[in-house]
Structure formats: structure tokens, C-alpha cells
């Protein structure tokens, strides 16, 4: 379970600007076996929310519980319970794809037999075996993203946090990633998914929160949002909600 309680993040002023309210009293719940989508444009607050849930940032006020652990009171337990994928993470260029994933599995304290079984399963599912022993600095963007996903999930966490995982990927690689996220849901994982791609929301998400300017403008299932706005097209729903806020 992920549950946020008036989660707020204000970045302090610097020489160029005053205080920035990146996230403003955001509250929502995401249950096991559910994909919860955060839908918003760049700069809406999606990544800030993800980083707070992953304990990479500390909230200015409010809090959240991830896998029953408070992000402020027990950040180390939160980190042990999640897999967090963001486009900002980098790979070790001189290690092979398999070596990177194994390294992160050992960081999580996995025994070698379990680790190798898990690596084999992930490489099969994500179609990574053809570049399993290739150095990461020789991989394409799509291949690198698959390695990032595998290393994020090697310890089989109960909570998955995906921050725009298909950005910059070709159609076939993005399709593989989307199917993998569906499989996570089918296995009872709690999945929170940040994106600005409407089609991905329609394919994946059980519930959606439209976020803009750090605030949640609306939250519910797609049928609920369609009924609220009186239109079926998700892009039109998004535009109407944002324009109403403006």
C-alpha cells in the first residue's frame, strides 16, 4: 500500500527565484494489485512526488506510508520495500548488463542462488539475453532502460515506483516495458506510475490523479473522470481540468 497525507514540498529560494511549491498537500491511496497513475505535464510535480515516496527528498510537511512504513520516520525500511525507476539514474558503463543487475541484488543481501534465478527470470521477461554480457556503455537507450528496470526490481519488492519509464524508447521496447508493468500488477504488486502519455494511462492505470502546479486537480477511475468532465477523450479531460484550474 502507498498512502500520502497532505504531502507537500517547498524548495527554498535562491538567487534567481523565490520559494517554489513543487507539491501542495497531495493525498491519495494506491492498493496492492493496482496501478495508480500520476498524469501531468513536465514540471507538474510528478517526479517530486515520486522522489518523496522513494525517500530521496524529505517533505516540507505532510507524510506518506509505503508498505506500512513512514517515509519520514523509517526511510531505510521504505527503501528496502520499493523498486524505484527514474530516468535520472545512471549505469556503470564498464560492467555488463548481468553484472549491474547482480551487483544491485547483492546490495539487497540476496543469496547467490536466488539472485541468479531472479536475474534469469528478469532477462527472459524483458528480452535482455542477447545483450546480457555486453558492457553498459555499448548499449542502446532502450537496452539501458531495460537494465535499469531489472536492477530496480531484482530484489522483487512489493511496491514499484515508475517515473516515466518509457520516455525516449522505441515502440517495441516501450511495449515490452508496459507489458512488464501489467505483469507486476497481476502478481499483486502496488504500482505507482508517472507519465504524461495519455495512451499509457488508458492501457495501464486502474486509478488516475491529474496533477498540475503541484496540486491534484482530480482523482478516480477513468469512467469516473469521464463522467465528471462529460467527455470520453482523456486528453480532453486533462485539458478541461487544467484550464478550469487556470
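Residue numbers (the numbering used here): 55 to 300.
Beta carbons: idealized from backbone N, C-alpha and C, even for Gly.
Note that the structure is predicted; figures quoted are calculated from it, not measured.
Membership of residue 281 in the alpha helix (DSSP H) is indicated by the continuous run 276-283.
Note on geometry: alpha-carbon atoms of residue 74 and residue 113 lie some 13 angstroms from one another. Following the DSSP letters along the chain, one finds residue 137 inside the beta strand (DSSP E) bounded by residues 136-140. Every unbroken stretch of the alpha helix (DSSP H) spanning 4 or more residues and falling wholly within the region 229-278 is given here in chain order: 252-258. Using a 10 angstroms sphere on the CB of residue 152, the tally of other CB atoms reaches 16 or more, which defines it as buried. DSSP places residue 203 in the uninterrupted alpha helix (DSSP H) bounded by 195-207. Between residue 268 and residue 99, the beta carbon gap of about 4 angstroms places them in contact (Cβ cut-off 8 angstroms). A straight-line Cα-Cα distance of about 32 angstroms links residue 121 and residue 150. Restricting attention to 63, 91, 155, the CA atom closest to the CA of residue 174 is found in 155. Around the beta-carbon of residue 247, 16 or more other beta-carbon atoms lie within 10 Å, marking it buried.
Secondary structure at residue 76: strand, using DSSP grouped into helix, strand and coil. Counting only runs that start and end inside the region 124-183, the alpha helix (DSSP H) elements of at least 4 residues fall at 129-135, 151-161, 166-179.
When DSSP states are grouped into helix, strand and coil, residue 98 belongs to the coil group.
Annotation for residue 291: the continuous alpha helix (DSSP H) segment containing it runs 288-299.
Around the beta carbon of residue 239, 16 or more other beta carbons sit within 10 angstroms, so the residue counts as buried. The region 70-89 and the region 251-266 touch, with three or more beta-carbon pairs separated by less than 8 angstroms. In this structure, residue 291 and residue 283 form a Cβ contact; the two beta carbons are roughly 5 angstroms apart against a cut-off of 8 angstroms.
Per the coordinates, the alpha-carbon of residue 286 lies some 12 angstroms from the alpha-carbon of residue 294. Around the beta-carbon of residue 211, 16 or more other beta-carbon atoms lie within 10 Å, marking it buried. In this structure, the CA atom of residue 159 is about 45 angstroms from the CA atom of residue 281.
Spatial neighbours of residue 125 in its own chain (CB-CB distance under 7 angstroms, excluding positions within 5 residues in sequence) are listed in chain order as 106, 107, 109, 117, 118, 132.
Cβ-Cβ distances below 6 angstroms link residue 207 to 137 in the same chain, with the five nearest sequence neighbours on each side left out; the list follows chain order.
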